[in-house]
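Student:
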């Protein structure tokens, strides 16, 4: 497995080798520049792809699942559109996992309560979901995670185990924070991109082309177009004999633990 640690060791060794060789034969400075740029490029790609496991182990699907079973997850709520999502899930008798932002829980605690009352799972999606979250140090990331956990645990009465980093980006600081909090990182392998486009046909076609047994779908409960796509998608799953199961069941991981008093 390619990880941040072994890639860093390899490139440090390569740079040292170039430095030593430079004592015996003049090496063009551009070789050092090229090596560093490749190193930075690999780090950028590894950080941006949650499925790469580059910084942290992420659970993005169940490759061993052979039956037509998938899990559906929602990011960035709770919000006003979450209520419409909940109505659709109830209509199609589907349970999902909602990765919630702490500040949105504070704004809509009654909607979080409805999510839990309807039998869905909840996970941690940071407190602020800041655009600069990837640049936070481990201490600040841990504070955000723990602050959101407290908000979630107020309504679940259980310790939260699932965390999804904002934008799906992982960093060494996130890894260090998670080593302290003990959360499992839940990713996805079917990304709708409904957070970046409002084109319902494009979003829907993108999802159904990627559906396969053991998959985890990423949607958002923050916009009307996502709600419309969700209904289309649930109809598609029913027509094609797919069963939606919880992330717990799909990944054989527990979303909660009994909170210690």
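Numbering (the numbering used here), first residue to last: 40 to 300. Virtual Cβ for every residue (Gly too), placed ideally from N, Cα, C. Since the structure is predicted, the reported quantities are computational estimates derived from the model, not experimental observations.
From which residue to which residue does the alpha helix (DSSP H) around residue 244 run?
Tutor: Residue 244 sits at position 205 when you count from the first residue of the chain shown. It spans 239-249 - the alpha helix (DSSP H) in which residue 244 sits, taken as one unbroken run.
Student: Tell me the DSSP secondary structure of residue 43 in three-state form.
Tutor: Translated into the one-based positions of the chain shown, residue 43 becomes position 4. It is helical.
Student: Please confirm whether residue 264 and residue 248 have their CB atoms less than 7 Å apart.
Tutor: In the chain shown, the residue the question calls residue 264 occupies position 225. In the chain shown, the residue the question calls residue 248 occupies position 209. No; because the gap between Cβ atoms is not below 7 Å, this pair is not in contact.
Student: Given a cut-off of 7 Å, decide if residue 261 and residue 118 are closer than it, judged by their beta-carbon atoms.
Tutor: Numbered from its first residue, the chain shown carries residue 118 at position 79. Numbered from its first residue, the chain shown carries residue 261 at position 222. Contact: yes.
Student: CA-CA distance, residue 164 and residue 51?
Tutor: Here residue 164 refers to the residue found at position 125 when the chain shown is read from its first residue. Here residue 51 refers to the residue found at position 12 when the chain shown is read from its first residue. Going by the C-alpha atoms only, they are around 34 Å apart.
Student: Would you tell me roughly how many angstroms separate the C-alpha atoms of residue 197 and residue 114, rounded to the nearest one?
Tutor: The residue labelled residue 197 in the question sits at position 158 within the chain shown. The residue labelled residue 114 in the question sits at position 75 within the chain shown. Taking the straight line from one Cα to the other gives about 20 Å.
Student: With distances taken Cα to Cα, identify the nearest neighbour of residue 270 among 126, 216, 195.
Tutor: Translated into positions along the chain shown, residue 270 becomes position 231. Comparing Cα-Cα distances from residue 270 to each of 126, 216, 195, the minimum goes to 126.
Student: Go ahead and pull the three-state DSSP assignment for residue 270.
Tutor: In the chain shown, the residue the question calls residue 270 occupies position 231. Residue state, collapsed to three classes: helix.
Student: So for residue 96, helix, strand or coil by DSSP?
Tutor: Locating residue 96 in the chain shown gives position 57, where the first residue counts as 1. It is coil, neither helix nor strand.
Student: Kindly indicate the opening and closing residues of the alpha helix (DSSP H) around residue 220.
Tutor: As a working note, residue 220 is residue 181 in the chain shown. Looking at the DSSP string, the run of the alpha helix (DSSP H) that includes residue 220 is 211-220.
Student: Suppose the cutoff is 6 Å on Cβ atoms and the five residues either side in sequence are ignored; what does the same chain contact list for residue 97 look like?
Tutor: Within the chain shown, numbered from 1, the residue matching residue 97 stands at position 58. So the qualifying residues of the chain are 89, 224, 226.
Student: What is the rounded straight-line gap between the Cα of residue 218 and the Cα of residue 285?
Tutor: Your numbering for residue 218 matches position 179 in the chain shown. Your numbering for residue 285 matches position 246 in the chain shown. Answer to the nearest angstrom: the Cα atoms are 25 Å apart.
Student: Could you check if residue 102 is buried or exposed, using at least 16 other CB atoms within 10 Å of its CB as the buried criterion?
Tutor: Translated into the one-based positions of the chain shown, residue 102 becomes position 63. Exposed is the call here.
Student: What do you reckon, are the CB atoms on residue 111 and residue 283 nearer than 7 Å?
Tutor: Residue numbering aside, residue 111 sits at position 72 when the chain shown is read from its first letter. Residue numbering aside, residue 283 sits at position 244 when the chain shown is read from its first letter. For residue 111 and residue 283, yes; Cβs fall inside 7 Å.
Student: Buried or exposed for residue 233, please, with buried defined as at least 16 other CB atoms from any protein chain shown within 10 angstroms of its CB.
Tutor: Numbered from its first residue, the chain shown carries residue 233 at position 194. Flag for residue 233 reads buried.
Student: Which same chain residues, not among the five before or five after residue 122, have their C-beta less than 8 Å away from its C-beta?
Tutor: For this step, residue 122 is matched to residue 83 along the chain shown. 150, 153.
Student: Reducing DSSP to helix, strand and coil, say where residue 171 ends up.
Tutor: Translated into positions along the chain shown, residue 171 becomes position 132. Residue state, collapsed to three classes: coil.
Student: Kindly indicate which residue of 146, 276, 181 has the alpha-carbon position closest to the one of residue 252.
Tutor: Translated into the one-based positions of the chain shown, residue 252 becomes position 213. Selected option, being the one with the closest Cα: 276.
Student: Please report how far the alpha carbon of residue 67 lies from the alpha carbon of residue 172, in whole angstroms.
Tutor: As a working note, residue 67 is residue 28 in the chain shown. As a working note, residue 172 is residue 133 in the chain shown. Between residue 67 and residue 172, the C-alpha separation is close to 38 Å.
Student: Look at the alpha carbon of residue 107 and the alpha carbon of residue 147, and state the distance between them as a whole number of angstroms.
Tutor: Residue 107 sits at position 68 when you count from the first residue of the chain shown. Residue 147 sits at position 108 when you count from the first residue of the chain shown. Going by the C-alpha atoms only, they are around 34 Å apart.
Student: Excluding sequence positions up to five away, which residues of its chain have a Cβ less than 7 Å from the Cβ of residue 99?
Tutor: In the chain shown, counting from the first residue as 1, residue 99 sits at position 60. The residues are 89, 90, 226, 227, 228, 255.
Student: Relative to the C-alpha of residue 220, which residue among 244, 206, 186 is closest?
Tutor: Taking the chain shown and counting its residues from 1, the one referred to as residue 220 is at position 181. The shortest Cα separation from residue 220 among 244, 206, 186 belongs to 186.
Student: Using DSSP with H/G/I as helix, E/B as strand and the rest coil, what is residue 230?
Tutor: Along the chain shown, one-based indexing puts residue 230 at 191. Strand.
Student: Mapping the DSSP letters down to three states, classify residue 296 as helix, strand or coil.
Tutor: The residue labelled residue 296 in the question sits at position 257 within the chain shown. DSSP places residue 296 in strand when its eight states are reduced to three.
Student: Which residue marks the beginning of the alpha helix (DSSP H) containing residue 84, and which one marks its end?
Tutor: The sequence position of residue 84 within the chain shown is 45, counting from 1. 68-87 is the span of the alpha helix (DSSP H), which, as asked, contains residue 84.
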